[in-house]
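One structure below.
2 protein chains.
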Amino acid sequence: MSEPERRDGGDKGKSTAEKPRLDRQRILEAGAEFIEQFGPRHLTMRRLGTELGVEAMSLYRYIPSRENLLDGIVEVVIDELYKDPEVYPEPRHGWQDYLLRLAHGLRRLALAHPQVFPLIATRPTEAPWVRPPLRSLRWVESFLKALTSAGFSDQAAVDAYRAFSSFLLGHLLLEVAAMGADVGPVDEAEPRPPRSTDLSDYPLLQSLQERLSEDRSEQEFEEALESLLDRLEALQN
Amino acid sequence: MSEPERRDGGDKGKSTAEKPRLDRQRILEAGAEFIEQFGPRHLTMRRLGTELGVEAMSLYRYIPSRENLLDGIVEVVIDELYKDPEVYPEPRHGWQDYLLRLAHGLRRLALAHPQVFPLIATRPTEAPWVRPPLRSLRWVESFLKALTSAGFSDQAAVDAYRAFSSFLLGHLLLEVAAMGADVGPVDEAEPRPPRSTDLSDYPLLQSLQERLSEDRSEQEFEEALESLLDRLEALQN
DNA sequence: ACCTGAACACCGTTCAAGT
DNA sequence: ACCTGAACACCGTTCAAGT
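So the sequences go chain by chain: A and B.
In terms of the UniProt record's numbering, the first sequence has 191 at position 191, counting the first letter as 1, and numbering is strictly consecutive.
In terms of the UniProt record's numbering, the second sequence has 88 at position 88, counting the first letter as 1, and numbering is strictly consecutive.
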C-alpha cells in the first residue's frame, strides 16, 4: 500500500486554521478568539462568517441570533474552568483551599480572556441568583455544597456565595479593564492616543501618578481574597 | 413704541417636553433617559433623533459619534454625584464618614440608573488608574486627599482607593444586574420568560432556591462596606 | 447658523434557491 | 443536508443642499 501522497491531509499551505466543518462549538470558539483579537464591538455575523470561510447566513443553521452567539461564547469560555486541573469541583483540603483555588482559577481565566471577561461580567444569567462570574448552576451548587459541608449554615453559605461573587467581579473586571479591555472599539489604527491627561488642577494626583500607575493587581487580589476568607470564617458555625 | 403682542414668547401649549433647542447637554440627558427606558442596545442615533423631534443627522452637530454619545451619557450620569447633598467633596467628620457617604451616594446613583450603570462600569476611562465607578480625576483627587489628610501614607491611600473601587464595582454591578439590567435587549414584548430553571440535578440549589432569591442587597452592601472600612483602618498609620 | 435628504457602506435576519 | 444570493429593514456617518 503505497501512499505517495495523502489527499486529505494536505494543508495546501494556507496559513489560517482550516475549515474542517461548520458546527456550533467551532463557531463559538472562533467567536471567542475573534473577540479576544478585535473586541466584542467588531464581532459581526458577517465578519465571523468570513473568518470561518463561509457566508454569514450559514451561521444561522447553528446559532439563532447574535445575542445567542454572545451567550454561547461566554459559556464556552467559562467552561474552561472545568478543565483547570488546579480547580477542584469539590473541596479536598478544606473550604478555604477550595475557595482559593476557585478564585485563582477564575483570575487565570479572566487574564487569559480580557476582552471576553466584560461579557462574562455583564451578560444576563439564567436566573438572577446565578451570579457572574460563576454563571453556572453547577458551580453554584458546588460552592454551596463545599461550604455547607464545612459547617456553614444555609444562610451563611448563601451569604458567602454572594460576597465571593462580588469580590471576584469587582477585582477581575478592574484588572482586565486596566489591560485595555472594554466593550469598545479598540481602533486598530491608533491604539489609543497617549493622552497624557492634564493634572495641573490635581496636585495630589500629580504627585501620586506614578504610584497610581503601578500594577499591584496581584497583591491587591491576594490581600482582598485573604481578607474575604477571614470575613467568611466569621460566618462559619 | 407700542408692543401689542410679543412674537417670541408664545409656547403654543405642546404637551410633550418641548424642544427648546438642540444642544449637547440636552442630547446627553435625553440619551440617559432613553437608555433607562429601553436599554443601551436600543439607543440609536436615529431613534434618539426622533425622540428629540429631529433627524438623526442633526445630532452630529453636537456629538461626533455614537461612542462619544455613550461616553457623554456616562459622564452626565456620574456628575449627579456632585449634586448629592449627602456626599461631601471633602471629609467633614472623618475619613470613615466620608467614605460611607461616598459609597452610599454611588449606590443611590446606581439604583437610580440601573441600565446606565453597566456602562459606567465598563466604558474605558481616560487613564487606567481612573477606575470606575468614580471615573473622574476630581473624585480620585478628593478621595486621596481625604485619606492622606487622615494620616494614611501615600501608598495606603492608593491601596484604599483601589480596594474601595473594586468593592463598589462588584457590589453595584451585581445589584443592578439583579434588577434586570444588562447591556442587552430588554425585549419590550416579553419581559423575559419566567424560565423556571430545571434544578433536578442540583439538590442543594433546589432546597436553597428561596433563600438565594431573597433580596439581601442592602445588608450585604452594609456589611461588606463595614468590613472594608475595618480593613482600611488597618492600613492607616 | 442650524437642520435635512440623499447617499454609502455596513448590519442582523429571512427565505427561496442552489448543490 | 448544508450552504448561498438576493432581499428587507435598519444602522452610523458624510456632505451637499436647503431655510
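Where a beta carbon is used, it is the ideal one built from N, C-alpha and C, also for glycine.
Coil, strand or helix - residue i by DSSP
| i | result |
| --- | --- |
| H104/B | helix |
| G72/B | helix |
| V54/B | coil |
| I63/B | coil |
| D97/A | helix |
| R41/A | helix |
| R46/A | helix |
| P191/A | Unreliable positioning characterises P191/A in this predicted model, as indicated by a pLDDT of 46, which lies under 50. The coordinate reading is nonetheless provided below. If DSSP states are grouped into helix, strand and coil, P191/A belongs with coil. |
Residue range of the unbroken alpha helix (DSSP H) whose run includes residue i
| i | result |
| --- | --- |
| D230/B | S217 to L235 |
| S213/B | P203 to S213 |
| G31/A | R24 to F38 |
| E90/B | Premise fails: E90/B is in no alpha helix (DSSP H) and is neither H nor E. |
| L199/A | Counting along the chain, L199/A falls outside any alpha helix (DSSP H), and DSSP gives it neither H nor E. |
| L81/B | E80 to K83 |
Residue i versus residue j: straight-line alpha-carbon distance, rounded
| i | j | result |
| --- | --- | --- |
| I78/A | L235/B | 35 Å |
| L81/B | L109/B | 7 Å |
| E67/A | S136/B | 32 Å |
| A189/A | F38/A | Low confidence applies to A189/A: its pLDDT is 36, below 50, so where it sits in the model is not reliable enough to give any reading. |
| H171/B | P128/A | 14 Å |
| G72/B | R92/B | 31 Å |
| residue 240/A | F34/A | Residue 240/A lies beyond the residue range present for chain A, which begins at 1 and ends at 237; the question has no answer from this structure. |
| T148/A | L168/B | 27 Å |
| Y161/A | G31/B | 36 Å |
| N159/B | L144/B | According to the sequence shown, residue 159/B is Asp rather than Asn. Cα-Cα distance, rounded: 10 Å. |
| K83/B | V76/B | 11 Å |
| L173/A | H42/B | 24 Å |
| E210/B | A146/A | 19 Å |
| S200/A | E141/B | 12 Å |
| T197/A | A112/A | 29 Å |
| D97/A | Y88/A | 9 Å |
| M45/B | E36/B | 16 Å |
| E222/A | G53/A | 44 Å |
| A177/A | E175/B | 20 Å |
| Y60/A | R21/A | 14 Å |
| L69/A | R24/A | 9 Å |
| D187/A | R216/A | Any reading at D187/A must be qualified, since the residue scores a pLDDT of 37, below 50, and its modelled position is unreliable; the value itself is stated next. Going by the C-alpha atoms only, they are around 27 Å apart. |
| E29/B | E90/B | 27 Å |
| W95/B | S165/B | 16 Å |
| P51/B | Y62/B | The question names Pro, but residue 51/B in the sequence shown is Glu. C-alpha separation (whole angstroms): 16 Å. |
| R26/A | D154/B | 50 Å |
| P85/A | A150/A | 22 Å |
| G180/A | W139/A | 28 Å |
| K230/B | L106/B | It should be noted that the sequence gives Asp, not Lys, for residue 230/B. Cα to Cα, the separation comes out at about 20 Å. |
| E214/A | A156/B | 13 Å |
| I120/B | Q219/B | 23 Å |
Heavy atom of the ligand COA within 7 Å of residue i beta-carbon
| i | result |
| --- | --- |
| E33/B | With respect to small molecules bound, the structure shown includes none, and the ligand COA cannot be examined in it. |
Restricting to runs no shorter than 4 residues, where is the alpha helix (DSSP H) found entirely within the segment 108-182 of chain B? 117-122, 137-149 and 154-178
For the segment 123-139 of chain B, which residues have a beta carbon sitting closer than 9 Å to at least one beta carbon of chain A? R123, P124, T125, E126, A127, P128, W129, V130, R131, P132, L137 and R138
Check distances from the C-beta atoms of the segment 144-170 of chain A to those of chain B and list, in chain order, the residues that come in under 9 Å. L144, K145, T148, D154, Q155, A157, V158, D159, Y161, R162, A163, S165, S166, F167, L168, L169 and G170
Taking Cβ-Cβ distances below 7 Å as the criterion, which residues of the segment 201-230 of chain B are in contact with chain A? Y202, L204, L205, L208, R211, L212, S213, E220, A224 and S227
Anything in the segment 79-112 of chain B with a Cβ closer than 9 Å to a Cβ of chain A? List those residues in chain order, please. none
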